[in-house]
Amino acid sequence: MRKIWIMAGEASGDIYGAALAGDLRKQGAAAGVEVEIGGMGGPAMAAAGVKRTVDSSELGVVGFLEIIKHIFTFIGVYWRLIKALKQERPDAVILIDYPTFNMLFGRQARKLGIPVIWYVSPHVWVWGKRRIPKLARLCCKMLVIFPFETEVYAASKLNTEFVGHPLLDMVDRRRDPAIERDPDLVALLPGSRSGEIDRLLKPMLQTAYELSKRHPELRFVITTPREKVALRCNNILQKFRRKHPDLPDIPIEVGKTAYYQQAAGTGLAASGTVTVESAIAGLPLAVIYRVNWLSLLIAALLVKLYRNSFVMPNIIANKKVYEEFLQHQVVPRNLVPALERILPDGSQRNRVVEDMLLVRKLLGDDGSQRQSASAKAAAAVWKTLYDK
104 MRKIWIMAGE ASGDIYGAAL AGDLRKQGAA AGVEVEIGGM GGPAMAAAGV
154 KRTVDSSELG VVGFLEIIKH IFTFIGVYWR LIKALKQERP DAVILIDYPT
204 FNMLFGRQAR KLGIPVIWYV SPHVWVWGKR RIPKLARLCC KMLVIFPFET
254 EVYAASKLNT EFVGHPLLDM VDRRRDPAIE RDPDLVALLP GSRSGEIDRL
304 LKPMLQTAYE LSKRHPELRF VITTPREKVA LRCNNILQKF RRKHPDLPDI
354 PIEVGKTAYY QQAAGTGLAA SGTVTVESAI AGLPLAVIYR VNWLSLLIAA
404 LLVKLYRNSF VMPNIIANKK VYEEFLQHQV VPRNLVPALE RILPDGSQRN
454 RVVEDMLLVR KLLGDDGSQR QSASAKAAAA VWKTLYDK
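All residue numbers for the sequence shown refer to this note's numbering, where the first residue is 104 and numbers rise by one.
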C-alpha cells in the first residue's frame, strides 16, 4: 500500500488534484500496488475518491482583507490537517499552488520527515524570488505547468520539471466539434468569487450596454460556475436593468463556461484561470481586474508584474495576447474599443487568433499524441518517491 496526500486549496487545484489522483493510481496499478490518496480538496477530488481530511471550499476566499477576515477558519483547518498528518504519515505530500497555506503545511510535513513535492508552482515570479530558496529547502521536486518556470528555478538547483499545463488536456477533452463560433455572441465571464462579481460585473454590463448601442446585432451572455454565483450576478443585473431598461436581454448560464468559450465570438473576462482556458479554446478576450483598496495597497508594496503583465496568456507568450485593464482602467471608454478591436471584423482579431495558437504550443501542444500533464506529473512523482 502506498499512501500519498494531495493538498489543494482552490477550485483549479481541486480539478488538477483529482486528475493527478487518478494517474497516481494508474502508476500504482502498473507497479502492482494499491495507492490511497488523502489530504485536502474540493468536490472534484472527493469524486475522484480522495479521502479528504478537509473540504477546501472552507477556504474559498481571495485577497489580503478577505483572508484576514477568515483567519480563524484558516488556523482551525491547519491544525486539523497537522493532527491528521501525524496520524496518517503518508509517503509524501503533494502541494498544489495555494502558497501561503501550503508553505506552512509543507514545513510541518518536512519536519516529520515526509517528502514534499510541489505541483503547480507558487507564482514566485510575481511575489518576488525571495521564496525560491525556501522552496528549494522544502521540496524534493517541483513540477511546473508553465514553460518559463524552469528558468525561474534554475539558479536554485531545485529539481524542477515542466510537465505541461493540465488545462490543455481538459479543454481539448471537452471540445465539441459540432459547436461553431457565433460571431455576434459576446461572453461575459465575471469570475467565481463574490468580491470579483461585485467589482467586475457592473463595468461589464456598462460595456455591454454601450456596445449594444454601437453594434445592435451583438448578443451577450453571462456565464458562471455555480448557482450561488448566478444569483449574485442576477441581483446586480436586475439592479442595473432598473436604471437602464433598454439593456438587451442578457441570460445567465450556470456551468456552461466551457461551452461558451467554444461558441462565443468574443469575450470580456476577469483575470484568472479562465483566461488560460479561453486562450486554449481559441476565444479572443479583453481582460479586466479590480481588488479592494487594502489588497491593492499591500499588492503595490509586495507584488511585481512579471513580463509587465497580470494576464497569464500574456506572461506565457511574453507578448500582449489579450488587452488587459486594471483598477481605474476598468471603464467602458476603454473596454468598448478594446472589444471592438477583437470582434470578428476587428483590426486585432487575426493577430489575437495567431497568438492564442502560440500559447497552446508553449503550454505543451506539439500537435502530436501527447501524454497528459497529470500523467507526466504522476510519473515524475512515482519516479521521485519509489523508482530509486
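Think of the CB as a built atom: it goes at the ideal place given N, C-alpha and C, for glycine as much as any other residue.
According to DSSP, is residue 110 part of a helix, a strand, or is it coil? strand
Taking the alpha-carbon positions, what's the residue 297 to residue 135 distance? 46 angstroms
Expressed to the nearest angstrom, what Euclidean distance is found between the alpha-carbon atoms of residue 199 and residue 221? 6 angstroms
Look up residue 154 in the DSSP assignment and give the residues it is bridged to. 141
Give the straight-line distance between the Cα atoms of residue 195 and residue 139, rounded to the nearest whole angstrom. 11 angstroms
Give the straight-line distance between the Cα atoms of residue 150 and residue 353, rounded to the nearest whole angstrom. 33 angstroms
Just curious, the alpha helix (DSSP H) that residue 204 is in, first and last residue? 202 to 214
Can you give the Cα-Cα distance for residue 401 and residue 418, rounded to whole angstroms? Note that residue 401 scores 49 on pLDDT, short of 50, meaning its location in the model is unreliable and no value can be drawn from it.
Classify residue 537: buried if its beta carbon has 16 or more other beta carbons within 10 angstroms, exposed otherwise. This structure gives no information on residue 537, because the portion of the chain shown stretches from 104 to 491.
If the criterion is Cβ atoms closer than 9 angstroms, does the pair residue 109 and residue 132 meet it? no
Mapping the DSSP letters down to three states, classify residue 386 as helix, strand or coil. coil
Please report the straight-line C-alpha distance between residue 167 and residue 449, rounded to a whole angstrom. Low per-residue confidence applies at residue 167: pLDDT is 48, beneath 50, and the placement is therefore not dependable, though the value from the model is reported in the following sentence. The straight-line gap from Cα to Cα measures roughly 38 angstroms.
So if DSSP puts residue 372 in a beta bridge, which residue, or which two residues, is it bridged to? 292 and 390
Indicate whether residue 314 and residue 443 have their beta-carbon atoms separated by less than 9 angstroms. yes
Taking the Cβ atom as the reference point for each residue, do residue 188 and residue 215 lie within a distance shorter than 9 angstroms? yes
Looking only at its own chain, which residues have a Cβ that is under 8 angstroms from the Cβ of residue 160, when we skip the five neighbours before and after it? 145 and 146
Reducing DSSP to helix, strand and coil, say where residue 220 ends up. strand
Taking the alpha helix (DSSP H) that residue 334 falls in, what are its first and last residues? 330 to 346
Confirm, please, whether the CB-CB distance from residue 460 to residue 385 is below 9 angstroms. yes
Closest to residue 203 by CA distance: which of 119, 181 and 218 is it? 181
What ranges does the beta strand (DSSP E) occupy inside the segment 417 to 486, keeping only unbroken runs of at least 3 residues that lie completely in it? 426 to 429
Same chain, Cβ closer than 7 angstroms to residue 366, neighbours up to 5 away in sequence not counted: 282, 284, 285 and 288
Looking at chain B, is there any beta carbon in it that lies within less than 9 angstroms of the beta carbon of residue 346? Reference to chain B is not applicable here, since this structure consists of a single protein chain.
Expressed to the nearest angstrom, what Euclidean distance is found between the alpha-carbon atoms of residue 332 and residue 293? 10 angstroms
So residue 266 packs on residue 243, CB below 8 angstroms; how close in whole Å? Not a contact, Cβ separation roughly 16 angstroms.
Give the list of continuous alpha helix (DSSP H) stretches no shorter than 4 residues that lie fully inside the segment 263 to 288. 269 to 276
Alpha carbon of residue 49 to alpha carbon of residue 206, nearest angstrom: Because the chain in this structure spans residues 104 to 491, residue 49 falls outside the shown range and cannot be described.
Using a 10 Å radius around the Cβ and a threshold of 16 neighbouring Cβ atoms, would you call residue 174 buried or exposed? exposed
With 16 other Cβ atoms within 10 Å as the buried cut-off, status of residue 341: exposed
Since residue 322 is in the beta strand (DSSP E), which residue starts that stretch and which ends it? 322 to 327
Can you list, in chain order, the residues of its chain whose CB lies under 6 angstroms from that of residue 227, leaving out five sequence neighbours each side? 234 and 235
Can you tell me where the alpha helix (DSSP H) holding residue 300 begins and where it ends? 297 to 317
Would a C-beta distance cut-off of 9 angstroms place residue 305 and residue 326 closer than the cut-off? no
Ordered along the chain, which non-local residues of its own chain (more than five positions away) have a Cβ less than 7 angstroms from that of residue 424? 382, 416, 417, 455, 458, 459 and 462
Check the DSSP bridge columns for residue 178 and list the partner residues they point to. Its beta-bridge partners do not exist; DSSP assigns none.
Applying the 10 Å Cβ sphere with the 16-neighbour rule, what's the burial state of residue 311? buried
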